[in-house]
Amino acid sequence: MAKKHTNADQLIAAILSGIEDVKGKEINILDLREIENTVCDYFVVCEGTSNTQVNAIVNSIQKKVSKELKDKPWHVEGTDNAEWVLMDYVNVVVHVFQKHIREYYDIESLWGDAKMTVIETNY
Numbered sequence: 004m005a006k007k008h009t010n011a012d013q014l015i016a017a018i019l020s021g022i023e024d025v026k027g028k029e030i031n032i033l034d035l036r037e038i039e040n041t042v043c044d045y046f047v048v049c050e051g052t053s054n055t056q057v058n059a060i061v062n063s064i065q066k067k068v069s070k071e072l073k074d075k076p077w078h079v080e081g082t083d084n085a086e087w088v089l090m091d092y093v094n095v096v097v098h099v100f101q102k103h104i105r106e107y108y109d110i111e112s113l114w115g116d117a118k119m120t121v122i123e124t125n126y
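Anchor point for the sequence shown: position 106 equals 109 in the numbering used here, and the numbering is continuous, going up by one each time.
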């Protein structure tokens, strides 16, 4: 595959910008690099208030990353019911939840060994 690999920091910045453009809530970054046998380097986790907002967040991330970095997700899953959408950018995986689904799966606790960064928003 001849695709140039984007820097993880640039990718995360574009993802965060996409989330913030449509007012995604409770944004966390989990750094998984120090944990053995992980599938990626980072998780970006956020939530929307409805399936409409979850899909808006996903679309905003895709547009932002495509425009700024000329990259697209390797795989996107969960857009049909939009309760938990997973966007796989290989080294960075984005989880966009509705609040009740996020609380049920509690992904941040499952990956409790990861270094977590909470992103403050102004809205």
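Each residue gets a CB set at the ideal place from its N, CA and C atoms; glycine is no exception.
| Check | Outcome |
| --- | --- |
| State the DSSP-derived secondary structure class of Thr55, mapped to helix, strand or coil. | helix |
| Name the DSSP beta bridge partners of Thr120, please? | Ile32 |
| Can you tell me whether DSSP reads Glu39 as helix, strand or coil? | coil |
| Would Cys43 pass as a contact of Ile22 if the rule is Cβ separation under 8 Å? | no |
| Would the beta-carbon of Asn31 be found less than 7 Å away from any heavy atom of the ligand FMN? | With respect to the ligand FMN, the structure offers nothing, as it holds no ligand at all. |
| Going by C-alpha to C-alpha distance, which of Ile60, Asn31, Asp12 and Thr41 sits closest to Ile122? | Asn31 |
| Assign Arg105 to buried or exposed, taking buried as 16 or more other Cβ atoms, counted over all protein chains shown, within 10 Å of its Cβ. | buried |
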